[in-house]
Ligand code: AMP
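In the numbering used here, the protein residues as written are 1404 to 1884.
Printed below as a string of C-alpha cells:
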C-alpha cells in the first residue's frame, strides 16, 4: 500500500510505526459556526482512509481535536451576546450531528482543546526550558529561528518564510514566531491559570499537546486540508520535534484539496459557503459522499448543484444495477456450464475486486475505485443479459458490492434513500433555548422563565448551565451535553 506524503511529495510504501496499529490524527473544526460542505469534503476523505485501513486489517485509532477556544469563537460570542463556552458547545454539537448525518463515523475520540490545558502548559514549559520559546508582555512565543527545520513540510526556505508576517506583534523576536500562549486581555472571560498568569492557549499548541497525550511524540498519519500545511502543521512539527528531540513527528502527512466554488475555496470569510445542514435538506448524504469520492482526495473539487445531481444519478445507476442482481439471484441457474461446474468466482467479479483494491492501495484513489464499481455492475449486467452468470457469480457480486459500499461509506444496495426529513420541532426548540439564553444574559429573567415554563408544559425540561458554560439538555426531544 502506498501513501503520498506532503513531506516528500512521493508515494511511499506504508509502514506503520507499531506493526498493525495505526495512530491517525486529523485537525478538527473551530466550533464557532455551522460547518460547511468544504469541511465535509475533508472529513469524508479521512473517514474513507480510516475505513480502508480497517478493511486492510489494521487497528486504527482515529483522533480529532475540537478547537473550542479561539479568537473567532470569542469574537462571534461577543457579537451574539453569548458566552464563548456555550457558543462553542452548541456548534460542537452541531458539527457532531452533521458528521453523523454524513456517515463520518470512524473517529474514535474527539479531544477538546479546553480539556487539555495542563498538557498544553506542560509542553510550553518544556519548550521554554529548552530555549525554543520566550515570554513577552503579550504571551509566550515559539522562536522560529531556533528550529532549523522550520519550513520543511511546506518546502519553504528561510527567505520564503521571511515573507510571511504571521501574528504581527512588535514584541516578537522574529516576524514568523508564533503564539503558544496568549496572556489575558481586559475583559476576557475564557482564561486559565498558568505560570505566566491568566491566559489561554495559542492555536497550534493544542494539537501537539493532544497528540502527545494519546499517541506520544511520534505517530503514523496526520491529515487536514492543504491550507493547514503552513503555518499550522509546520508549527506542529516545530513544537513537538523541539520538545521531544525525536524526528519525524509524523510518518505520513496527508492533505486534502479544497472544495471550491467557481475556482475559489469555499470558506466562511468569502461568504461562498453552503452549510452541511442546508445541503442535506436537498440531497442525500450518500450523493454528496459519492460526489466527493469521484475526485482524488488531494485534487480540488469544484462544487455545483449540477455536479451533485449528476453524482446522485450515477449512484442511482449503481443501485439500480444492484437491485437487478438481487432480483436475478432468485431465478439464476446454479451453474452456467454444460458440465455443471459452478465457477468459484466470476471473472468480472474477481477483476473488479482486484482493480478496486489496487486503486485504494494506490494512495486511496477513490475515483479509480469507483470505476471498478461501475465496471463490476456493467460486467455482471451484461452477463445477466447474456444468461452466462451463475447464482454463485451473482452472490459474489452482491457481497462484493456491499463490501465496496462499506469501505467507501456508501449504501450501494440501498433502494434510493431520500434525504433525511429535517426535524423542524427540534430546530425550533433549539432556537427558543438560544433566545432564552440571550434573555438570561441580559438579565431578562421574567421572559426567560416564561419560555422555560411553557417548554416545561410541553415536557421539555431545560437544565440550566452553570455560569460560563456547563451543560443543558432538553429531555423528551434530544440531548445536548
Ligand atoms: P476549520 O474549522 O476552518 O479549522 O476547518 C476544519 C477543516 O476543514 C480543516 O482541515 C480545513 O483545512 C478544512 N477545510 C476548510 N475549508 C475547506 C474547503 N473549502 N475544502 C476542503 N477542506 C476545507
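For glycine and all other residues, C-beta sits at the position ideal for the given N, C-alpha and C.
Considering only C-alpha positions, which residue in the set the options is nearest to residue i?
i            : options                : result
residue 1545 : 1512, 1644, 1477, 1616 : 1644
residue 1593 : 1669, 1617, 1487       : 1487
residue 1560 : 1543, 1850, 1579, 1572 : 1579
residue 1598 : 1549, 1526, 1613, 1609 : 1526
residue 1501 : 1539, 1629, 1440       : 1440
residue 1419 : 1618, 1610, 1612, 1438 : 1618
residue 1784 : 1436, 1611, 1663, 1751 : 1751
residue 1587 : 1802, 1614, 1542       : 1542
residue 1810 : 1635, 1834, 1793, 1763 : 1763
residue 1548 : 1505, 1562, 1577       : 1577
residue 1414 : 1781, 1657, 1689       : 1657
residue 1737 : 1794, 1573, 1454       : 1794
residue 1558 : 1412, 1782, 1647       : 1412
residue 1662 : 1864, 1773, 1404, 1445 : 1445
residue 1512 : 1538, 1494, 1430       : 1430
residue 1670 : 1706, 1652, 1572, 1524 : 1706
residue 1895 : 1503, 1648, 1859, 1532 : Because residue 1895 is not part of the residues shown, which for the chain are 1404 to 1884, the question remains open.
residue 1715 : 1703, 1733, 1704, 1688 : 1688
residue 1573 : 1600, 1539, 1754       : 1539
residue 1616 : 1537, 1704, 1733, 1524 : 1524
residue 1489 : 1856, 1708, 1436       : 1436
residue 1504 : 1852, 1438, 1464, 1749 : 1438
residue 1842 : 1483, 1450, 1475       : 1483
Do you know how far the Cα of residue j is from the Cα of residue i?
i            : j            : result
residue 1756 : residue 1522 : 45 Å
residue 1831 : residue 1473 : 28 Å
residue 1468 : residue 1566 : 30 Å
residue 1627 : residue 1448 : 10 Å
residue 1461 : residue 1423 : 5 Å
residue 1485 : residue 1844 : 7 Å
residue 1808 : residue 1815 : 6 Å
residue 1839 : residue 1849 : 10 Å
residue 1650 : residue 1806 : 38 Å
residue 1718 : residue 1693 : 7 Å
residue 1443 : residue 1679 : 7 Å
residue 1890 : residue 1791 : An answer regarding residue 1890 cannot be provided, because it is not within the stretch 1404 to 1884 covered by the chain.
residue 1798 : residue 1726 : 12 Å
residue 1582 : residue 1837 : 33 Å
residue 1481 : residue 1674 : 20 Å
residue 1804 : residue 1796 : 12 Å
residue 1509 : residue 1847 : 43 Å
residue 1833 : residue 1629 : 34 Å
residue 1699 : residue 1765 : 11 Å
residue 1471 : residue 1517 : 6 Å
residue 1686 : residue 1768 : 24 Å
residue 1596 : residue 1477 : 18 Å
residue 1778 : residue 1760 : 14 Å
residue 1495 : residue 1479 : 14 Å
residue 1858 : residue 1421 : 53 Å
residue 1667 : residue 1860 : 49 Å
residue 1571 : residue 1632 : 20 Å
residue 1458 : residue 1704 : 26 Å
residue 1463 : residue 1852 : 48 Å
residue 1754 : residue 1408 : 29 Å
Taking a contact to mean a Cβ-Cβ separation below 7 Å, would you say residue i touches residue j in this structure?
i            : j            : result
residue 1602 : residue 1585 : yes
residue 1456 : residue 1406 : no
residue 1434 : residue 1491 : yes
residue 1758 : residue 1735 : no
residue 1466 : residue 1417 : no
residue 1625 : residue 1607 : no
residue 1731 : residue 1787 : yes
residue 1613 : residue 1519 : yes
residue 1728 : residue 1772 : no
residue 1812 : residue 1506 : yes
residue 1721 : residue 1664 : no
residue 1835 : residue 1865 : no
Mind reading off the beta-carbon distance from residue i to residue j? Whole number of angstroms is fine, and I expect it under 8 Å.
i            : j            : result
residue 1642 : residue 1530 : 7 Å
residue 1637 : residue 1535 : No, residue 1637 and residue 1535 are not in contact; Cβ-Cβ is about 14 Å, not under 8 Å.
residue 1556 : residue 1410 : 6 Å
residue 1498 : residue 1604 : At roughly 20 Å, the Cβ-Cβ gap does not stay under 8 Å, so residue 1498 and residue 1604 are not in contact.
residue 1682 : residue 1691 : 6 Å
residue 1654 : residue 1610 : Residue 1654 to residue 1610, Cβ: 16 Å. No contact.
residue 1711 : residue 1770 : Actually they are not in contact, since the Cβ atoms of residue 1711 and residue 1770 sit about 16 Å apart, beyond 8 Å.
residue 1701 : residue 1659 : 7 Å
Counting only runs of 4+ residues fully inside the segment 1571-1640, write out the alpha helix (DSSP H) ranges in chain order. Those alpha helix (DSSP H) runs which fall completely within the segment 1571-1640 and span 4+ residues are 1606-1618.
Quick one: complete alpha helix (DSSP H) runs, 4+ long, within the segment 1537-1566? Annotation: the segment 1537-1566 contains the following complete segments of the alpha helix (DSSP H) (minimum length 4 residues), in chain order: 1561-1565.
Unbroken stretches of the beta strand (DSSP E), 3 residues or longer, contained in the segment 1462-1549: Correct list: 1462-1469, 1512-1515, 1536-1538, 1542-1545.
Which ranges does the alpha helix (DSSP H) cover as unbroken runs of at least 4 residues, wholly within the segment 1750-1803, from first to last along the chain? Listed in chain order, the alpha helix (DSSP H) elements of length 4 or more contained wholly in the segment 1750-1803 are 1750-1764, 1769-1788.
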